[in-house]
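To start, the structure under review is shown below, and the notes come after it.
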Amino acid sequence: MAETHAKTFTDPDEATAEAAGLEWLAEAEADGGTRIARVLDRPGPTVLDLELISDGSPTAAQAERFGRSLAHTHAAGAPHWGAPSPGFPEHGELRMGRSRTPFTTAEDAPGTWGEFFAEYRIRDFVRRIVDAGGFDRAEAAVFDRVADRLASAELGSPQPALVGDRPARLHGDLWAGNVLWPTDDGGPTGAVLIDATPHGGHAETDLALLSLFGLPRLERVLAAYDAESRIAAGWQDRVELHQLAPLLLHVFLFGGSYTGAALRAAKRYA
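Here the sequence shown is numbered in our numbering, starting from 210 and rising by one per residue.
What follows is the structure in structure tokens.
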């Protein structure tokens, strides 16, 4: 019997959302997508038993396999911008403690990625930060200018080649801590992903989050991804744009140095 890790949530909807999201991402494995940690049991309404992954340091080969497989996870697509996973609780957002992640329905989904990112990530976070006293009016205005440019498609870019002209299927919280490197070499996908917030978005958002907190062998991961699914030219200049959402989340939760980092990134695109 596989070893398990019990993950406990504060609300049954959080557990339901986590299980549904992992299952949705795992659907892509049949077409070469990255392996996802399995939900083995739900012993209580707020508890999931997940398979326990032995995490180590990645080899170069693992990093390359992960980059290629992540391209296929993204290529599995999503029905619309901001779409949650099937089976997601029908309340429009995922609450995790003091934070929340809003999603869209087919009826209210924006028509472009820029409109989605502007309203459901930039403006949503900034409103909450202002309400909490974290940004003053001038600081909030910087992000509002970025949101205006996003909504007008001025800051848009094509998806990677395999994704095509549609939303990618994102992990949604793809920082280094949610990428595990199995000590048995990781099989055909090199890594195993955990703790997802999946939705329909721009693939570059996942890629930008990988670099925010220092993923090991990141250059090999990105090079392999690009070889498998060509990233649109100039993507390096858009990394901080796509990092605005996680930076704003950290401003809301922690403040401190994240406030300056988010403002510096936003001023590049305002």
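Glycine included, every Cβ here is placed at the ideal spot set by N, Cα and C.
>> Below 8 Å, how does it come out for the segment 440–451 and the segment 405–420: are there three or more Cβ pairs, yes or no?
In response: In this structure the segment 440–451 touches the segment 405–420; the number of beta carbon pairs closer than 8 Å is three or more.
> Residues bridged to K216 by DSSP?
Replying inline: For K216, which the question treats as bridged, DSSP gives the partners L257.
> Taking only runs of the beta strand (DSSP E) that begin and end inside the segment 451–477, which ones reach a length of at least 3 residues, in chain order?
Replying inline: As far as the segment 451–477 is concerned, it has no whole beta strand (DSSP E) run of at least 3 residues.
>> I'd like the ranges of any beta strand (DSSP E) spanning at least 3 consecutive residues and lying wholly in the segment 267–346.
In response: Runs found: 302–305 and 308–311.
>> Under 8 Å, with one C-beta from each stretch per pair, do the segment 399–415 and the segment 285–293 reach the 3-pair mark?
In response: Judged by Cβ distances under 8 Å, the segment 399–415 makes contact with the segment 285–293, as three or more pairs qualify.
> Does the Cβ-Cβ distance between P376 and I440 come in under 8 Å?
Replying inline: Judged by their CB atoms, P376 and I440 are not nearer to each other than the 8 Å cut-off.
> Taking buried to mean at least 16 other C-beta atoms within 10 Å of its own C-beta, is E428 buried or exposed?
Replying inline: By the 16-neighbour rule on beta-carbons within 10 angstroms, E428 is exposed.
> Excluding five sequence neighbours on each side, which residues of the same chain lie with their C-beta closer than 7 Å to the C-beta of D349?
Replying inline: With the sequence shown as reference, residue 349 is identified as Ala, and Asp is not the correct amino acid for it. Cβ contact annotation for A349 (same chain, cutoff 7 Å, sequence separation greater than five): V335 and V339, in chain order.
> Looking at C-beta atoms only, is the number of pairs between the segment 350–369 and the segment 390–405 that lie closer than 8 Å three or more?
Replying inline: In the pairwise beta carbon analysis, the segment 350–369 is classified as not touching the segment 390–405: fewer than three pairs are separated by under 8 Å.
> Leaving out five residues before and five after V351 in sequence, what residues of the same chain have Cβ atoms less than 8 Å from its Cβ?
Replying inline: L472, A475, K476 and A479.
>> Report the CB separation of T255 from P221 in whole angstroms; it is logged as a contact under 8 Å.
In response: Contact flag correct, Cβ pair sits at about 6 Å.
>> Taking 8 Å as the threshold (C-beta atoms), are G230 and T480 in contact?
In response: There is simply no residue 480 to check, as the chain begins at 210 and stops at 479 in what is shown.
> What is the C-beta distance between T398 and S266, in whole angstroms, given that I count them as a contact (C-beta under 8 Å)?
Replying inline: The pair is not a contact, with the Cβ atoms about 17 Å apart (cut-off 8 Å).
> If E236 sits next to L249, beta carbons under 8 Å apart, how far is it from one beta carbon to the other, in whole angstroms?
Replying inline: Not quite, the Cβ-Cβ distance comes to about 18 Å (not below 8 Å), so this is no contact.
> Taking just the CA atoms, how far does F297 sit from T225?
Replying inline: Across the structure, T225 and F297 are spaced so that their CA atoms are roughly 7 Å apart.
> What separation, rounded to the nearest whole angstrom, lies between the Cα atoms of W444 and E413?
Replying inline: Roughly 8 Å between the two C-alpha positions.
> What runs of the beta strand (DSSP E), each 3 residues or longer, lie entirely inside the segment 356–430?
Replying inline: Listed in chain order, the complete beta strand (DSSP E) runs (minimum 3 residues) inside the segment 356–430 are 377–379 and 408–410.
> Based on Cα-Cα distance, which residue from F344, A228 and P319 lies nearest to A360?
Replying inline: It is P319.
> Are the beta-carbon atoms belonging to Y329 and T313 less than 8 Å from one another?
Replying inline: Yes, the Cβ-Cβ distance between Y329 and T313 is below 8 Å.
> Within 10 angstroms of its Cβ, does T217 collect 16 or more other Cβ (buried), or is it exposed?
Replying inline: With a 10 Å radius around the Cβ and a threshold of 16 neighbouring Cβ atoms, T217 comes out exposed.
> Is E324 buried or exposed, if buried means 16 or more other CB atoms sit within 10 Å of its CB?
Replying inline: Residue environment: E324 is assigned as buried (16 or more neighbouring CB atoms within 10 Å of its CB, all protein chains considered).
> Exposed or buried, what is E333 when buried is set at 16 or more other beta-carbons lying within 10 Å of its beta-carbon?
Replying inline: According to the sequence provided, residue 333 is Asp. The question's Glu does not apply to it. That one is buried.
> Whose CA, out of A272, L257 and D446, lies closest to the CA of D394?
Replying inline: Measuring from the Cα of D394, the nearest candidate turns out to be A272.
>> Suppose you measure from the CA of M305 to the CA of P311; what does that come to, to the nearest Å?
In response: Any reading at M305 needs caution, since the residue's pLDDT is 48, under 50, leaving its predicted position unreliable; the model's value is listed next. When the Cα atoms are used, M305 and P311 turn out to be separated by approximately 11 Å.
> Hey, quick one: how far does the alpha helix (DSSP H) through A229 stretch, first residue to last?
Replying inline: Run containing A229: P221 to A235, per the alpha helix (DSSP H) assignment.
> How many Å lie between A285 and V372 at the Cα?
Replying inline: Within the model, the alpha-carbon separation for A285 versus V372 is close to 7 Å.
> Who are the near neighbours of E212 in its chain, counting only those whose CB is closer than 8 Å to its CB and skipping five residues on each side?
Replying inline: The answer, listed in chain order, is E260 and L261.
> DSSP on R447, reduced to helix/strand/coil?
Replying inline: DSSP, read as helix, strand or coil, puts R447 in helix.
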